[in-house]
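Residue numbers (the working numbering): 2 to 159. These notes are about the structure you will find just below.
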Amino acid sequence: DDRDYYPYWEPTLQGPYDPKYQRTPWIDVAYLGDTDNCDNILKNSFNRHNKHRCVKPKLRDYGKSIHREGCKAEGGTWVEFESYLEVLEQVNSEEECKEIAAKNKLNLVVWRPLRSDSDVQKCIVKAPYPACKKAATTRNNHLGNAFTDPLYSTRYDM
């Protein structure tokens with residue numbers, strides 16, 4: 002059923018999160034399905050595409066609205082959340098961050114605020130794009146039980 006909700010249109014804050022930055026450890030690793038949809042999946046994956054959320058003033062709480070107009074009617078602020086894999090706390094300047102970015106060939110490293118309602122900038126490591134592969138054909142409701150390979154799996158190196 003996750004196929005009905007992917008890609009997620011707001012920051013994924015459903016589980017244990019980092020209270021300092023209010024983020025979740027979840028990232029998109031792979032999309033296995035119809036490869037005709039890969040462009041849309043990569044464009045909208047939270048790994049590289051920021052998401053917005055309605056934030057209530059001074060409460061550190063979220064509104065229920067999923068669009069700017071509804072958020073405003075709810076008395077909230079429409080805030081863009083930066084997607085990232087890691088915050089490099091030991092980096093204190095944009096120049097230092099750019100040096101790290103030049104050496105990092107795997108992930109994008111950038112100097113920017115984590116939220117659009119903050120001026121504090123951090124050196125952050127963006128998550129890589131998810132792999133996008135065609136899924137094997139399976140019987141309905143038998144995930145992992147493919148016609149071509151009885152123990153269908155995929156490999157993802159991290």
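Using N, Cα and C, we set each Cβ at its ideal position, and we do this for glycine too. Bear in mind that the values here come from a model prediction, so they are computed numbers and not experimental data.
Range covered by the beta strand (DSSP E) that runs through residue i
i	result
Ile-67	No beta strand (DSSP E) holds Ile-67; DSSP gives it neither H nor E.
Glu-90	Note, Glu-90: premise wrong, no beta strand (DSSP E); not H, not E.
CA-to-CA distance, residue j to residue i, given in whole angstroms
i	j	result
Lys-99	Val-121	17 Å
Lys-59	Leu-89	27 Å
Ile-125	Tyr-85	6 Å
Lys-57	Glu-70	14 Å
Asn-38	Ser-117	29 Å
One or two residues paired with residue i in a DSSP bridge
i	result
Tyr-32	Cys-133
His-53	Glu-81
Arg-156	Note: Arg-156 sits in no beta bridge, so no partner.
Closest residue to residue i among the options (Cα-Cα distance)
i	options	result
Lys-135	Asn-141, Ala-74, Arg-116 and Thr-36	Thr-36
Glu-81	His-68, Cys-133 and Val-111	His-68
Arg-54	Leu-115, Cys-39, Tyr-32 and Thr-138	Leu-115
Ala-137	Asn-48, Leu-33 and Asp-29	Leu-33
Glu-83	Lys-65, Asp-40 and Lys-52	Lys-52
Trp-112	Ser-66, Ser-119, Ser-94 and Lys-106	Ser-94
For residue i, the three-state DSSP class (helix, strand or coil)
i	result
Asp-62	strand
Lys-106	coil
Glu-100	helix
Lys-127	coil
Limits of the unbroken alpha helix (DSSP H) element including residue i
i	result
Asp-40	39-45
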